[in-house]
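Protein chains in written order, with the numbering used here: chain A, 2 to 438; chain B, 5 to 232; chain C, 107 to 456.
Notes follow the structure.
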Amino acid sequence: MSGIAGHGEFFQPTNLSAADAEKATAWVKKRVDRRELDLGERMEDVREHMWQLEKEGEIIVHRVSDAHKPAMVKTLFGWDKKIPTMQLWHHKSCGQCGNIPGYPTSLLWTMNQLGMQPGRDYLDETDQTSCTAWNYHGSGIGNVESLAAVFLRNFHQAYVSGKRLGHEPGHFFPLVHCGTSFGNYKEVRKYLVENAALRERVKKILGKLGRLVDGKIVIPEEIVHYSEWVHVMRNRIASELQKIDVSHLRTTVHMACHYSKMVHEDAIYDPEVLGGNRAAVGTSMAQALGAQVIDYSTWYDCCGFGFRHIISEREFTRSFTIERKIKVAAEEAKADVMLGIDTGCVTTMDKNQWIGRAHEKQVTMPIMADIQFAALACGADPFKIVQLQWHASPCEDVVEKMGLSWGDSKKKFEAYLEEVKAGKIEYLYNPELALSV
Amino acid sequence: MATYAEMQEIFEDIKKDFRYEHELNGCLNCGICTATCPSAHFYDYSPREIVQLLWTENVEQVYDAMQEKIWACAQCMTCAARCPFKNSPGGLVAIMREVAIGHGLQSAKDVLRPFGRVMLKLITTGNQLSPDMIQPDHFPDWGPNIQKVDGDLKTLRKAIPMKTLQTTDTAWEVALKTSVEMYTIWEMTGVLKQLETMDENLFDVIEDFIEEKREEYEELLEEQEEAK
Amino acid sequence: MNDAILVVGAGPTGLSAAHGIASVGRKVVLVEKEDRLGGAPILSGYAKLVPSGEWAKDAIGRMIERVEKNDLIKVSKGTKVTGLEGEHGNFTATLSNGETVKAAAVVLGTGFTHFDSINKPEWGFGTFEDVVTTTQVEQMVAAGKIACPSDGRAPERVAILLCVGSRDRQIGREWCSKICCTVSTNLAMEIKELSPETDVYIYYMDIRTFGLYEDKFYWKSQEEFGTKFVKARIAEVTIAPDGKRLLVKGEDTLVKRPIVIPFDLVVHAIGMDPNEDNPEIAKVFGIGLEHHGFVERGEHYTSSFASTRPGIYVGGSALGPEDIDTCVSHGLAMAMRAVGDLEARARKAA
């Protein structure tokens, strides 16, 4: 950390030897930070209450076990978090699946490339509802109870999902694809753990659905976001799968608000990524691939998605995202691509560029998810896998800069479409696995 | 125009929410929430103002704020992450929105009308946005480039190598049983009631849809029984 | 009966206590964990102290000299207390250098630890070179030059952020560090004096230049030095589009408008954390800590500066954030308490 904050030769000692002067500021370097300091009762970890509730027979905790091959990470206050890497239940994102299908496809493709077996090491099925939080945050229709009931319903399904394939309960651990789902579920888990009355009301509903285990609700040990899986797998992805050199590419990373600011104590902070000063996900994958990650003045800003605004108050969303994100990435950071880690952000930034010309603010910037960028660098087909044909922003530019031919890939895909029409469809996993009921 | 008593009742409903106590501890008026708020940069909106009005129990101005201001919030929760008191202005706004809807405020109905499409999709299918909604005529301001390969939507979706995504009217294929479970949740948690207050026509459409699906599910169960 | 009184910590509190005890003719063993005396003002290189305006090395230096010249005070530097047995009137302390000390009473002036701004990463410390702390600005003042660490240029605009590590539930520090407002306004004046072209902005939630410091620091820094005060708690510090300066983002609450302003230098007015050694200190001395992590104090009206263990007194910033002048007073008060209690016991026994 030389040169940072007061250690250059510029600081002249007054009657102090170099050693003494160094000592005067040595405490600065000591990193007596929250990762080491015991905050005692001053900071509460909801997971401690959760375990207590299980002890009291109130709930069942869906554990991250050794079978899930967890990797350990640290969160904002230096607490431990287990990130399962195997046997995952894909909790899909409706915005991704509807709008940006290449997002989940790239993730599953990467898992396949790493040798994970569908049906054993991951499951994607139809018995899954959206978390409903987009609607809630956008319209206010819904309430804590409905959010909690949906949370428990989905996570119960994750818990029992392996049964039809001959696995034990808890075999598949839920991996949450969407940042808003992630933030929402973190909040809801907190409410459920802290509020007995809420638990009682929701238990009745879950009971009616036949989704209790031994009469109890199932709460997962950790709420895990897909970008956290990508973070712990980044070195394997880079070393085992990467085929394209991206060191010449300037990337900027947009940090999702609902990942890092909602229940912000449960987000990954890694001393090796940005000095542990900012949430690690997204950036860590780009850096592991060798891409340049450029800082910019509005790093902490929201993208302007707004939940409701992107549908029905679009001037806000488009103004905000163009002024505070697209323009900055393009003109200040001179980036080749802006990477997101969440559905809403990628949608907002990708779809709200063309309209800029109506306000004489014509700036463009290729937008994609961290995992889409990684998949491209690992040789995934830009159309068949990364599905970039759905991106309104000029992703073809990034593809070309990576040395691939957009035109050739497109032709190949168009040929594949003919196959599809004839019923010859390629799948990442046996389609029968998807049908839960 | 509501009477003072009505405004008082609305305010009490906000305070009654169990989250209120956790999300409003007091206010140092430091402005850090408004500093980070994306909506504060574009609207005449300030989370600090909302908190001040609630904390000082300014019943009338709270009612005023519930007409338009609370709908400016982008629900990003940056305010909650920064507040030195650990308040959550965004969370308080969410409570206020629920209460506005519960009281059938006309302003809430007006604001939410354009959101109806999404709500319909959500309540009936459990997904919030579907491929067939992302069409140039629905979102003309997203430009003509939202689909860079020519072809019909159905084929293009079948060209996604995940079985669950090969749908056009939902984001992913949802099992019938799953949808029916959702309806039970909407019913038992009062969400359908909320919808009825908000938009009777939309509610009628949804009710019919739910009934239809439930019947379908009953038939499916019968078939499965017979097959055994 | 003739046992020495053990004083732990040779900052302003301990130095004052040691002198106070010696001044009534009793022996003192003064133990200091660092290799030199003086505490934070010396170790962290403070410049001019508030409110006196005297250089720390002179003011505290005088206190050090007085103690070192006193035959009744035995000084052990680079030494910690590793164990304490016995009871009031009859303690035996083990030191890290192997020695044992028989002490009739113990006075703790163990002090505090500066808040490490690493714990508020969104305010840029550790990411940007030009984000520094007030202690580092003290060193700039001592060196006679205000400059940006990144390229040595004189800053056109300096922002001082108050309450860094204080009054903040997000990081479990729900106290006020008492003296940083005064120190910050003082530094604003020092900066202006050394660098007249520099403008200083102070971003605050409240200004707590208490007592007679009000006009001496808060008013004077405005009237005579043009310091500008903005009631805004800064949300984040990021790199400005010019790649050189830093952007500070807040809401000017009095004008009710969000602001994003570039600065050349950003200063964190860091707070006073409980001494990082407090868990160890609590264990070694068998005393309690209060819920913020500082040392617990007994009832103050008739048992001032008592810890939770009879015969052990605690004062100064070990109890909570404290200014130097008050620490000096605490030291003398503890001397009075320690000696007074022992004499009372002696009279009783007689």
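Heads up, the beta-carbon is just placed ideally off N, CA and C, and yes, glycines get one too.
- Taking a cut-off of 8 Å on C-beta distances, the stretch 362-375 of chain C touches the stretch 256-266 of chain C, as three or more cross pairs fall below it.
- Counting only the Cα atoms, A/Trp-300 lies some 35 Å from C/Gly-151.
- Between the C-alpha atoms of B/Pro-144 and A/Ile-372 there is a straight-line separation of about 28 Å.
- The beta-carbon of A/Ser-298 is placed less than 8 Å from the nearest beta-carbon of chain C.
- In the structure shown, C/Ser-182 falls within a strand segment according to DSSP collapsed to helix, strand and coil.
- Not a single C-beta of chain B is nearer than 8 Å to the C-beta of C/Met-378.
- For B/Leu-133, the C-beta contacts it makes with chain A under 7 Å involve Cys-95, Gly-96, Gly-99 and Asn-100, in order along the chain.
- In the structure shown, C/Phe-323 adopts helical secondary structure according to DSSP, grouped into three states.
- Interface flag for A/Asn-196 against chain C is unset, since no Cβ pair is found closer than 8 Å.
- Below the 9 Å Cβ cutoff, chain A contributes no neighbours of C/Ile-166, its closest Cβ being approximately 14 Å away.
- Taking the Cβ atoms as the reference, A/Val-282 lies roughly 5 Å from A/His-232, within the contact range of under 8 Å.
- Neighbourhood of A/Glu-146 in chain B, by CB distance below 9 Å: Ile-189, Met-192, Thr-193, Gly-194 and Val-195, in chain order.
- Taking the Cα of A/Tyr-160 as reference, the smallest distance to any Cα among A/Lys-335, A/Val-151 and A/His-172 is reached at A/His-172.
- DSSP places B/Asn-205 in the helix class (H, G or I) of the three-state scheme.
- Here A/Ser-261 is buried. Its C-beta has 16 or more other C-beta atoms within 10 Å.
- By the neighbour-count criterion, in which 16 or more other beta carbons inside 10 Å mark a residue as buried, A/Gly-216 falls on the exposed side.
- The DSSP-derived three-state label of A/His-232 is helix.
- Taking C/Ser-410 as reference, the option from C/Val-336, C/Thr-432, C/Phe-391 and C/Ala-439 with the minimal CA-CA separation is C/Ala-439.
- Judged by DSSP in its simplified three-state form, C/Met-311 adopts coil rather than helix or strand.
- Neighbours of B/Phe-89 in chain C, taken as residues whose beta carbon is under 8 Å from its own, are Arg-275 in chain order.
- Listed in chain order, the non-local C-beta contacts of C/Ile-224 below 6 Å within the same chain comprise Gly-232, local neighbours out to five positions each way being set aside.
- Pairing B/Cys-87 with B/Cys-41 gives a Cβ-Cβ distance that is not under 8 Å.
- For the C-beta of B/Leu-225, not a single chain A residue is nearer than 7 Å; the gap to the nearest is close to 10 Å.
- In this structure, the CA atom of C/Gly-195 is about 7 Å from the CA atom of C/Leu-448.
- Residue-level contact check: B/Gly-35 touches chain C, since one or more beta carbons of chain C fall below 8 Å from its beta carbon.
- In the three-state DSSP reduction, C/Arg-263 falls in the strand class (E or B).
- DSSP, reduced to helix, strand and coil, places A/Tyr-123 within a strand of the structure shown.
- Against chain B, the CB of A/Tyr-428 has a partner CB under 8 Å away; the residue lies at that interface.
- Not flagged as an interface residue toward chain C: B/Thr-60, since no C-beta distance is shorter than 8 Å.
- With a 10 Å radius around the Cβ and a threshold of 16 neighbouring Cβ atoms, A/Arg-319 comes out buried.
- Buried is the label assigned to A/Tyr-104, since at least 16 other Cβ atoms lie within 10 Å of its Cβ.
- Going by C-alpha positions, A/Val-74 is about 23 Å away from A/Gln-114.
- Sequence-distant Cβ neighbours of C/Glu-396 in its own chain, meaning closer than 7 Å and more than five residues away, are Glu-402.
- Of all C-beta pairs linking the stretch 202-209 of chain B to the stretch 164-179 of chain B, fewer than three are shorter than 8 Å, placing the two stretches out of contact.
- Taking the beta carbon of B/Arg-52 as reference, the chain C residues within 7 Å of it are Glu-357 and Thr-359, listed in sequence order.
- Secondary structure at A/His-255: strand, using DSSP grouped into helix, strand and coil.
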